[in-house]
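Q: I have a structure I would like to understand better, so I am pasting it below and will then ask my questions one at a time.
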Amino acid sequence: MTIRAVAFDIGGVLERVGDLEGWLDRWRQRLGMSRTDFEARVDGVDPRGLIGTGGLSESQFRQGYVAALGFNENQADEFMAAMWDWYCGELDTELVDFVRGLRPAYLTGIISNSADGARREEQARYRFEQLVD
Numbered sequence: 002m003t004i005r006a007v008a009f010d011i012g013g014v015l016e017r018v019g020d021l022e023g024w025l026d027r028w029r030q031r032l033g034m035s036r037t038d039f040e041a042r043v044d045g046v047d048p049r050g051l052i053g054t055g056g057l058s059e060s061q062f063r064q065g066y067v068a069a070l071g072f073n074e075n076q077a078d079e080f081m082a083a084m085w086d087w088y089c090g091e092l093d094t095e096l097v098d099f100v101r102g103l104r105p106a107y108l109t110g111i112i113s114n115s116a117d118g119a120r121r122e123e124q125a126r127y128r129f130e131q132l133v134d
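Residue numbering for the sequence shown follows my numbering, beginning at 2 and increasing consecutively.
Structure representation (structure tokens):
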């Protein structure tokens, strides 16, 4: 069997993603909330993980955090910007160079269960659409 194509995931593969608890804890401290209260509220936003399967839109996700944490619009904007910074992480430049080197000998692609809005954010940061076929 001849390999003709190679597919990659994004989060944790093409992007190195930091600790979720780290950036959430900064928000907990900023809001002056106890860990127990903060975690209970955050856990209620998307308890079934629907954001990662297309069952919850970015707008619904944002509104869930607004309701759970009492954000005003400016805080919601800051929270979502920080969330996307965490979510998109840092580009694994070594792996990206490897992916670039596969073309044109192999077709390349991305398969991902990224959350709604992630394609926009990742394309703006890393231009994945230009990286693969």
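Even for Gly, the Cβ is constructed at its ideal location relative to N, Cα and C.
Identify the continuous alpha helix (DSSP H) that holds Thr94 and give its terminal residues.
A: That run of the alpha helix (DSSP H) goes Thr94 to Leu103.
Q: Mapping the DSSP letters down to three states, classify Thr109 as helix, strand or coil.
A: Three-state DSSP puts Thr109 in a strand.
Q: Is it the case that the Cβ atoms of Ile147 and Phe99 are separated by a distance below 9 Å?
A: Residue 147 lies beyond the stretch modelled for the chain, which goes from 2 to 134, so this question has no answer here.
Q: Can you look up Arg128 in the DSSP assignment and give me helix, strand or coil?
A: Looking at Arg128 - three-state DSSP - the assignment turns out to be coil, as it is neither helix nor strand.
Q: Buried or exposed: which applies to Ala106, given that a residue is buried once 16 or more other Cβ atoms fall within 10 Å of its Cβ?
A: Ala106 should be labelled exposed.
Q: Just checking my contact of Tyr127 with Leu92 at CB under 8 Å: how many whole Å lie between their CB atoms?
A: Yes, Tyr127 and Leu92 are in contact; Cβ-Cβ is about 5 Å, under 8 Å.
Q: Below 8 Å on the Cβ atoms is my guess for Glu65 versus Asp47; work out the distance and round it to an integer in Å.
A: The sequence given here has Gly at residue 65, not Glu. The Cβ separation is near 6 Å, so the contact holds.
Q: Count the other C-beta atoms from every protein chain shown that fall within 10 angstroms of the C-beta of Glu122, then say buried if there are 16 or more, exposed otherwise.
A: Buried, by the Cβ-count rule.
Q: Ordered along the chain, which non-local residues of its own chain (more than five positions away) have a Cβ less than 8 Å from that of Glu16?
A: Contacts found: Cys89, Gly90, Glu91, Leu92, Asp93, Glu123 and Tyr127.
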